[in-house]
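Here the structure comes first, spelled out in structure tokens, and everything after it is commentary.
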Amino acid sequence: MARKASLDILEIESSEPLNVLAPKDEAPEEGSASVPAPAVLKKKRFLKFWIVSGSVAAVILTASVFWLVLRGPESAPQSRRIQAGPEARIPGAMADLLGFYVDLRDDQGRIRILACDVRLVISDREDPERLEARPDLRIAIYRAVQGISYARLVDPMGFQHLKTAVFREMKRMLGPGVVNEVYLTNFLLM
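Numbering (the working numbering) for the sequence shown: 146 to 335.
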């Protein structure tokens, strides 16, 4: 059977004591690698300075962002808040003509669908419920939408073309001064 060898660190004897330092009066050699040149020391100090400064700046920036986020919107200055009140309201009444689905054809003859809701800003003297109940207004809006080609609707200004066409048709049907603005909501072109 093999015998186990035991080694006790305390039993190891050294010829030199461990706590003895080298004498200070010995000067290191000029080309020695143990002592860095002054230029290398400057570079190391400069690098350490920028690492520490960058770390401090990152900590300050992170802390300020967290402070602003945790502070919340209620501490924003009053002058920068947008307050919706009577002055922010759209002048005139709104007539909602909802649920327009119009079939169009593109240049290749494929069927395309335009889905949208039309909201009319009307003068205060008009009754929105009366306008919403008129089927001839819906027919006029269908006629205005079908008068615009699919290629023109896909154009970046297509939404504006459609809005202008509906406004002109409403002005022709109801007379000038009744409809002040036309909004197209839930606009989807498939």
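Even glycine gets a Cβ: it sits at the ideal position worked out from N, Cα and C. As the structure is a prediction and not an experimental result, all values here were calculated from the model.
With DSSP run on the structure shown, which of helix, strand or coil describes residue i?
| i | result |
| --- | --- |
| residue 264 | strand |
| residue 293 | coil |
| residue 239 | strand |
| residue 320 | coil |
| residue 248 | strand |
| residue 255 | coil |
| residue 313 | helix |
| residue 270 | coil |
For the beta strand (DSSP E) that residue i lies in, which residues bound it at each end?
| i | result |
| --- | --- |
| residue 277 | It is not in any beta strand (DSSP E) - residue 277 instead sits in the alpha helix (DSSP H) that spans 273-277. |
| residue 327 | 324-334 |
Kindly list the residues whose CB is nearer than 8 Å to the CB of residue i, restricted to its own chain and excluding five residues on each side of it in sequence; keep chain order.
| i | result |
| --- | --- |
| residue 250 | 256, 257, 295 |
| residue 306 | 293, 297, 298, 300 |
Going along the chain, which residues of its own chain have a beta-carbon closer than 7 Å to the beta-carbon of residue i, five neighbours each way excluded?
| i | result |
| --- | --- |
| residue 246 | 258, 260 |
| residue 323 | 267, 268, 271 |
What is the residue span of the alpha helix (DSSP H) that residue i lies within?
| i | result |
| --- | --- |
| residue 184 | 183-216 |
Just the C-alpha distance for residue i and residue j, rounded to the nearest angstrom, thanks.
| i | j | result |
| --- | --- | --- |
| residue 252 | residue 297 | 11 Å |
| residue 333 | residue 212 | 41 Å |
| residue 192 | residue 303 | 58 Å |
Three CB pairs or more closer than 8 Å across the segment 280-297 and the segment 308-315: yes
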